[in-house]
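Visitor:
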Amino acid sequence: MHTIKFHNFEEAGKLVLQYLHQHFGFGLWMITRLENEDWIILQAENEKYDIKPGEVFRWADSFCYHMVQGKTPKIAPCSSDIELYAKAPINKKLSIKSYIGEPLFNEDGSVFGTICAIDDVPHSEDIIKDAGLISLLGSLLSSILQSELRENKQRRLRERYEVEALTDSLTGLYNRRAWDQLLEAEEGRCQRYGLPAAIFSIDLNDLKLVNDQFGHDAGDQLIQRTADFLVEHMRINDVIARIGGDEFTILCPETKAEDAAVLYRRLTDIFAAAHIHVAIGYAARQLTTDLHEVFIEADKKMYQHKKKAKLEADYFIN
Numbered sequence: 297m298h299t300i301k302f303h304n305f306e307e308a309g310k311l312v313l314q315y316l317h318q319h320f321g322f323g324l325w326m327i328t329r330l331e332n333e334d335w336i337i338l339q340a341e342n343e344k345y346d347i348k349p350g351e352v353f354r355w356a357d358s359f360c361y362h363m364v365q366g367k368t369p370k371i372a373p374c375s376s377d378i379e380l381y382a383k384a385p386i387n388k389k390l391s392i393k394s395y396i397g398e399p400l401f402n403e404d405g406s407v408f409g410t411i412c413a414i415d416d417v418p419h420s421e422d423i424i425k426d427a428g429l430i431s432l433l434g435s436l437l438s439s440i441l442q443s444e445l446r447e448n449k450q451r452r453l454r455e456r457y458e459v460e461a462l463t464d465s466l467t468g469l470y471n472r473r474a475w476d477q478l479l480e481a482e483e484g485r486c487q488r489y490g491l492p493a494a495i496f497s498i499d500l501n502d503l504k505l506v507n508d509q510f511g512h513d514a515g516d517q518l519i520q521r522t523a524d525f526l527v528e529h530m531r532i533n534d535v536i537a538r539i540g541g542d543e544f545t546i547l548c549p550e551t552k553a554e555d556a557a558v559l560y561r562r563l564t565d566i567f568a569a570a571h572i573h574v575a576i577g578y579a580a581r582q583l584t585t586d587l588h589e590v591f592i593e594a595d596k597k598m599y600q601h602k603k604k605a606k607l608e609a610d611y612f613i614n
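Take 297 as the starting number for the sequence shown in this note's numbering and just add one per residue.
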């Protein structure tokens, strides 16, 4: 008897898609993720459509949008017979004549995404008799996913323990080497599960002035005070690092763009109230960018903020 082995959700998903494609046919089988209004393609077993992993559609345009709400059947041998499927906006982008879908769930019962199939020709009504098989495979994938997402939380902790020695001696925060390692690990998770993330870049505007006027001990105190503020006010899962003399970075896992905007306003208010003059830039990961590019974008915005603050200060002085 042949034993099927897989090591993670990604591998299990690939095997399930291959099996379902062999069993049912259909031009495209997918594993997808729901993120806000986006319907993200994580994996695809494809022979008819020009669709690749990483592509994004509007969730409300999809057949799956109606299926997960229980408004439409999970199996539609002829999808044009189902009014909501026939009127779905995604028909304008893709030729869909038949559909299969099954929700994938997070541990809290919320919808992670779907496993689904589409084809450009109708299928026999006989496929409906296999609804139990598709439901079973969907439940198994959900269980694997939930277990792996739980493990991810522990893995993040292990990754941080492994780089504990890679800390900045002045602040106790992670140093540049630790930052690079943790950034790479989180990018892998973002790619596998379509997870969001955000990065902040923070620079102390007055460090050189403090060093010149009051000495390096005073400058060190300013750096330590800034580090303490960040540790106090950021979330426990956020990665805070000091990667340069006056530069701090924060990696915020599973953080959407709108949540990052809230964090930005909070940080701005906190530092202003503490009379610590900083330049802050942030960026959120998009499906077309990786965290290394997000880091560059956050850094770029930080320098824009720094330049703007300097121009405003010069204008005020003059």
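Think of the CB as a built atom: it goes at the ideal place given N, C-alpha and C, for glycine as much as any other residue.
Please list the terminal residues of the continuous alpha helix (DSSP H) segment that includes GLU550.
Guide: Per DSSP, GLU550 belongs to no alpha helix (DSSP H) and is neither H nor E.
Visitor: DSSP on ARG531, reduced to helix/strand/coil?
Guide: ARG531 falls in the coil class under three-state DSSP.
Visitor: Straight-line CA distance for PRO492 to TYR361?
Guide: Looking at the two C-alpha atoms, the distance is approximately 20 angstroms.
Visitor: Give the DSSP bridge partners of MET326, in chain order.
Guide: BP columns for MET326 point to ALA340, CYS412.
Visitor: Determine the extent of the alpha helix (DSSP H) in which ARG473 is found, giving its start and end residues.
Guide: 472-489 is the extent of the alpha helix (DSSP H) around ARG473.
Visitor: Assuming GLU543 and ASP499 make a contact with CB atoms under 8 angstroms, what is their CB distance in whole Å?
Guide: That belief holds up - the Cβ atoms of GLU543 and ASP499 are roughly 5 angstroms apart, short of 8 angstroms.
Visitor: LEU445 by DSSP, collapsed to three states: which one?
Guide: Looking at LEU445 - three-state DSSP - the assignment turns out to be helix.
Visitor: Given LEU313, which residues of its chain have a CB within under 8 angstroms of its CB, disregarding the five upstream and five downstream residues?
Guide: Taken in chain order, the residues that qualify are TRP325, MET326, ILE327, GLN339, ALA340, GLU341, ILE411.
Visitor: Expressed to the nearest angstrom, what Euclidean distance is found between the alpha-carbon atoms of ILE546 and ASP595?
Guide: Rounded to the nearest angstrom, the two C-alpha atoms are 11 angstroms apart.
Visitor: Does DSSP put VAL417 in a helix, a strand or coil?
Guide: It is coil, neither helix nor strand.
Visitor: In the DSSP assignment, find the beta strand (DSSP E) that holds ASN398 and state where it starts and stops.
Guide: For the record, residue 398 in the displayed sequence is Glu; it is not Asn. GLU398 -> beta strand (DSSP E) spans 394-401.
Visitor: Taking only three categories from DSSP, how would you classify TYR345?
Guide: Reduced to three states, the DSSP call for TYR345 is coil.
Visitor: Compare the beta carbon distance of PHE408 and LEU441 with 8 angstroms and say whether it is the shorter of the two.
Guide: Going by C-beta atoms, PHE408 is nearer than 8 angstroms to LEU441.
Visitor: Expressed to the nearest angstrom, what Euclidean distance is found between the alpha-carbon atoms of ARG354 and GLY515?
Guide: Straight-line Cα distance between these residues: approximately 50 angstroms.
Visitor: With DSSP run on the structure shown, which of helix, strand or coil describes ALA384?
Guide: It is coil, neither helix nor strand.
Visitor: Which residues share a DSSP beta bridge with GLY350?
Guide: DSSP, once it has assigned bridges, lists no residue as partnering GLY350.
Visitor: So for TYR611, helix, strand or coil by DSSP?
Guide: Since pLDDT at TYR611 reaches only 44, below the 50 mark, its modelled position is unreliable, and the value read off the structure follows with that caveat. Helix at TYR611.
Visitor: What do you get for ASP610, buried or exposed, if any count of 16 or more other CB atoms within 10 angstroms of its CB means buried?
Guide: With a pLDDT of 49 at ASP610, under the threshold of 50, the modelled position of this residue cannot be trusted, and the question is left open.
Visitor: For LEU503, which residues from the same chain have a beta carbon less than 8 angstroms from its beta carbon, with the 5 sequence-adjacent residues on both sides left out?
Guide: The residues are GLY515, LEU518, ILE519, GLY541, ASP542.
Visitor: Heavy atom of the ligand GDP less than 7 angstroms from the Cβ of ALA494, yes or no?
Guide: Because no ligand of any kind appears in the structure shown, any question about the ligand GDP cannot be addressed here.
Visitor: Work out the CA separation of ARG521 and GLU331 for me, nearest whole Å.
Guide: In a straight line, the C-alpha of GLU331 is about 37 angstroms away from that of ARG521.
Visitor: With DSSP as the reference, label VAL459 as helix, strand or coil.
Guide: Correct three-state label for VAL459: coil.
Visitor: Starting from ASP499, follow the alpha helix (DSSP H) in both directions and report where the run begins and ends.
Guide: Run containing ASP499: none in the alpha helix (DSSP H); it sits in the beta strand (DSSP E), 493-500.
Visitor: Is it buried or exposed, ILE532, if we count other Cβ atoms within 10 angstroms and call 16 or more buried?
Guide: Exposed is the call here.
Visitor: If you draw a straight line from the alpha carbon of TYR457 to that of ASP404, how long is it in whole angstroms?
Guide: Their backbone Cα atoms lie some 28 angstroms apart in a straight line.
Visitor: Helix, strand or coil: how does DSSP classify THR522 here?
Guide: Looking at THR522 - three-state DSSP - the assignment turns out to be helix.
Visitor: Does the beta-carbon distance from ALA481 to LEU462 come in below 8 angstroms?
Guide: Result no, Cβ atoms of ALA481 and LEU462 do not sit closer than 8 angstroms.
Visitor: Looking at the structure shown, is ILE576 part of a helix, part of a strand, or coil, going by DSSP?
Guide: Looking at ILE576 - three-state DSSP - the assignment turns out to be strand.
Visitor: What is the DSSP secondary structure of THR564, reduced to helix, strand or coil?
Guide: Three-state DSSP puts THR564 in a helix.
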